[in-house]
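Q:
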Amino acid sequence: MIFKRREKPPFWDRMREIMYPRKGALRGVHYLRKRIHRLPDSPHRIALGFACGAMASFTPFFGFHFGIAAALAFLLRGNLLASAFGTAVGNPLTFPFIAAASLQTGWLILGNKPHVVDEGFSVHWLVANIETIFVPYLVGGIAPGLLTSFAAYWLLGPIVEAYQERRRKKLEALAADRRRALDAELSAYTNGDRRED
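According to UniProt numbering, the residues represented by the sequence shown are 1 to 197, in order.
(1) Spatial neighbours of D103 within its chain, please: C-beta separation below 8 Å, excluding the five flanking residues on both sides.
(2) Go ahead and pull the three-state DSSP assignment for P9.
(3) Please work out which residues of its chain come closer than 8 Å, Cβ to Cβ, to E17, disregarding the five sequence neighbours upstream and downstream, and give them in chain order.
(4) Measure from the C-beta of A84 to each C-beta in chain B and report whether the shortest distance is under 7 Å.
(5) Assess, as a yes-or-no matter, whether the stretch 39-51 is touched by the stretch 156-169 under the definition of 3 or more beta carbon pairs within less than 8 Å.
(6) Let me know if I130 comes out buried or exposed under the rule of 16 or more other beta-carbons within 10 Å of its beta-carbon.
(7) Work out the CA separation of R27 and M1 for me, nearest whole Å.
(8) Would you mind working out which of S42, L108 and F61 sits nearest L80, comparing C-alpha positions?
(9) Tell me the rounded alpha-carbon separation between E91 and L186.
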């Protein structure tokens, strides 16, 4: 590959880069914000797509969040790309809080007392604890997921709308400046032709 490193960095350096990037942890957040603002769609559809991604982050179907977010956005006519960005609500920093909120809510709704069979993580362990962990996570993730989705929708919509309006005015001002410059050039050119005559 053209852009691949010649020498692979040591394992611990790669892990450190994942947990705390050299260029700063907020760089990804700024990039995500700019990408969402520049999506070519209405603020409503962008905010709705992002909210679908946030909702998908509260499901226990890890590895399928992009697909779930895209399906929700497709059904609700939200922006599909914004739904992919919305899954960033679920990340290594927020998943412990999401899991805790979802499980506690699920246990409260279903009335299950948590009794986890402790024998190390495996497929057998997951099957043995499906009623204690998976089902409460699935049921309990609905309420906090909807709350987060509504908050994301109502916060993001006006922000995207304001950004798009500001960008539209800036582009109109640039177009007006170019038009004036062209008119001035044309006027100078035609005046020069008249003088020559």
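Each residue gets a CB set at the ideal place from its N, CA and C atoms; glycine is no exception.
A: The structure says:
(1) The residue labelled residue 103 in the question sits at position 103 within the sequence shown. For clarity, residue 103 is Leu in the given sequence; the question names Asp instead. Only residues of its own chain outside the window of five on either side were considered, and among them P114, I133, P136, Y137 and G140 have a CB closer than 8 Å to the CB of L103, listed in chain order.
(2) Counting from 1 along the sequence shown, the entry for residue 9 is found at position 9. Coil, per DSSP.
(3) As a first step, residue 17 is located in the sequence shown; it is residue number 17 there, counting from the start. Apart from sequence neighbours up to five positions away, the residues of its chain that approach E17 with a beta-carbon distance below 8 Å are P9, ordered along the chain.
(4) Of the protein chains in this structure there is only one, and it is not chain B.
(5) They touch, by the three-pair rule.
(6) For the purposes of this step, residue 130 is taken as residue 130 along the sequence shown, with counting starting at 1. The residue in question, I130, is exposed, as its Cβ has fewer than 16 Cβ neighbours within 10 Å.
(7) By one-based count along the sequence shown, residue 1 stands at place 1. By one-based count along the sequence shown, residue 27 stands at place 27. Annotation note: pLDDT 46 at M1 (below 50); position unreliable, no value reported.
(8) Taking the sequence shown and counting its residues from 1, the one referred to as residue 80 is at position 80. Checking every option, the nearest Cα to that of L80 belongs to S42.
(9) In the sequence shown, the residue the question calls residue 91 occupies position 91. In the sequence shown, the residue the question calls residue 186 occupies position 186. The displayed chain sequence assigns Asn, not Glu, to residue 91. N91 and L186 have their C-alpha atoms roughly 56 Å apart.
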